[in-house]
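Visitor: Quick one: this structure, given as structure tokens, is what I'll be asking you about.
Residue numbers (our numbering): 27 to 103.
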């Protein structure tokens, strides 16, 4: 499953590399270097909301937070 997820993400990165410049050329604004630390700090309280208290959701949330800490590999050219 992990291999399939990596394959899918790589395909998305390649597609994004082609699509984003086109969309930017049409006026879409893209934050190319988002302030991830600020976003993480502002969203940290979400895990305390009632619907995030389910253990399964807590597990998923922890996995998402871990993935957000891992730098994405460069897109293939």
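All C-beta atoms in this analysis are idealised placements derived from N, C-alpha and C, irrespective of residue type, glycine included.
(1) Counting beta carbon pairs with one atom in the stretch 50 to 60 and one in the stretch 33 to 40, are three or more of them shorter than 8 Å?
(2) Using only CA atoms, which one of 28, 94, 33 lies nearest to residue 64?
(3) Which residues in the same chain have their Cβ closer than 8 Å to the Cβ of residue 78, if we skip the five residues on either side of it in sequence?
(4) Can you list, in chain order, the residues of its chain with a C-beta nearer than 6 Å to that of residue 60? Leave out the 5 residues immediately preceding and following it.
(5) Where does residue 37 sit, in a helix, a strand or coil, going by DSSP?
(6) State the CB to CB distance for the pair residue 56 and residue 46, rounded to an integer number of angstroms; the pair is presumed to be in contact (CB under 8 Å).
(7) Would DSSP call residue 27 helix, strand or coil?
Guide: Quick look at the numbers:
(1) no
(2) Within the chain shown, the letter at position 38 stands for residue 64. Answer by Cα proximity: 94.
(3) The residue given as residue 78 occupies position 52 in the chain shown. Taken in chain order, the residues that qualify are 72, 84, 87.
(4) The sequence position of residue 60 within the chain shown is 34, counting from 1. Closer than 6 Å at Cβ, skipping near neighbours: no residue.
(5) The count along the chain shown starts at 1 and reaches residue 37 at position 11. Three-state DSSP puts residue 37 in a helix.
(6) Position 30 of the chain shown, counting from 1, holds the residue named residue 56. Position 20 of the chain shown, counting from 1, holds the residue named residue 46. Between residue 46 and residue 56 the Cβ distance is about 6 Å, and since that is below 8 Å, they are a contact.
(7) Numbered from its first residue, the chain shown carries residue 27 at position 1. Coil at residue 27, not helix or strand.
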